[in-house]
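Working notes for the structure below.
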Amino acid sequence: MTDFPPSSDLADPTGVQTFLHRITNSRPSNGVVDLSWLRRAVHRVQDDPGAFFAWLEAILRNEEAVRDAVKRSYWHPNGFAKLVLHSSADFRIRLHVWPEADKPSCGESNPHSHRWEFASTIIAGEGMHMVEYGETTEGGELHSRFWYGADPADPAALRRDGQAYLKKLRTPHVRRGQVYSCDTEIVHTVRPIDANLTATVVVQGPHRSAKTVVYCLPDQTDDQPNGELTESEFRLLIDSVVAAFTERVSS
């Protein structure tokens, strides 16, 4: 939930337009990056995955691009990596990677919303379990409510705002080859289906609101700082995703 500096442009020594250039050039002529465009951008990953993975490998060959991406990237407290591959004023491209583990990750287990719209697709692994929630006055499970971005003096802080009961509204599980989209009104949790390597491409739009809501169970702490991600970890994670894709298409 950090505002990132812009990406450095990637040279294209082959003279062939890269995945990033094609995405950038497809933006609407009116300059409005909306949810429908974000979905179309993600479909480009599905329609031509080779171009996307060629772009990943081009990033790894560009030391400046790697350094810039690492500065924007981090480990989530629940053990998966958020790699911010591109950042500009109107959209960002992120790669979320859950490394192979002994048991499935709990993912982003606190119900939360976003200040921006996004669309995503699975490029490694079986898929993701999604649960979408809404506040209710009857039934549901008690949570503590927090707002992120509500304090102008400390925009990165979570500020408590009482309690609320949440109920499950939908469970839109997403398998490889499908697209999931999310607007700023949706409150959800996300976790991988299994413990194998799982990776999603997320195309994120510009901020639509100043704050976003996060819910925690009463016995949970809201203090969950992100972890630093090193350059070697960044390279290893991308290599593992590329290897998983290569193995799948060659089998």
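This note's numbering numbers the first residue of the sequence shown as 6 and each following residue consecutively. By construction, the Cβ of each residue, glycine as well, lies at the ideal position given by its N, Cα and C atoms.
When the Cα of residue i is compared with those of the options, which residue comes out closest?
i: V207; options: T194, L174, L171, F96; result: F96
i: V192; options: V254, A249, S93, P177; result: P177
i: K172; options: S149, G139, L163; result: G139
i: E236; options: Y79, V218, R27, W60; result: Y79
i: F239; options: W60, L90, R27, P33; result: L90
i: M133; options: L174, H101, F58; result: H101
i: W60; options: L202, Q225, D159, I243; result: I243
i: C111; options: W42, I198, T205; result: I198
i: L163; options: L174, E69, R150; result: R150
i: G167; options: H148, H81, E69, E143; result: H148
i: A215; options: A169, V184, P160; result: P160
i: S92; options: Q209, R253, F58; result: Q209
i: E131; options: E146, A94, V179; result: V179
Here's a check: name, in chain order, each residue in its chain whose Cβ is nearer than 8 angstroms to the Cβ of residue i, leaving out the five neighbours to either side.
i: S114; result: N83, T194, R196
i: G182; result: Q51, T126, I127
i: A16; result: Summary for A16: the model assigns pLDDT 46, below 50, so the residue's position carries little reliability; its value from the coordinates is reported in the next sentence. Correct list, in chain order: N67.
i: A200; result: E105, A106, D107, K108, P109, S110
i: R27; result: R49, A56
i: D53; result: F24
i: T189; result: S118, H119, R120, W121, E122, R213, S214, T217
i: T142; result: Y170
Mind checking residue i: buried by the 16 CB within 10 Å criterion, or exposed?
i: P116; result: buried
i: T251; result: exposed
i: D73; result: buried
i: G232; result: exposed
i: F24; result: buried
i: E122; result: buried
i: S34; result: exposed
i: A46; result: buried
i: V219; result: buried
i: S256; result: exposed
i: T217; result: buried
i: R99; result: buried
Looking only at its own chain, which residues have a Cβ that is under 6 angstroms from the Cβ of residue i, when we skip the five neighbours before and after it?
i: T19; result: Residue placement at T19 is poorly supported in this model, since its pLDDT is 44, which falls under 50; the coordinates are not used for a value here.
i: F9; result: Summary for F9: the model assigns pLDDT 38, below 50, so the residue's position carries little reliability, and this model does not support an answer.
DSSP puts residue i in a beta bridge; with which residues?
i: F151; result: R165, V219
i: R180; result: G132
i: Q209; result: R97, F123
i: V195; result: E113, M135
i: E233; result: Y79
i: A56; result: None; A56 has no bridge partner.
i: R175; result: E137
Once the 5 residues before and after residue i are set aside, which same chain residues still bring their CB inside 7 angstroms of it?
i: A129; result: L202, T203, A204, V246, A249, F250
i: R175; result: E137
i: L65; result: V71, R240, I243
| message | Just to confirm the assignment: which complete beta strand (DSSP E) runs, minimum length 3, are found wholly within the region 70 to 146? | response | As summarised for the region 70 to 146, the continuous beta strand (DSSP E) elements at least 3 residues long and confined to that stretch are 86 to 92, 97 to 103, 113 to 117, 121 to 129, 132 to 141, given in chain order.
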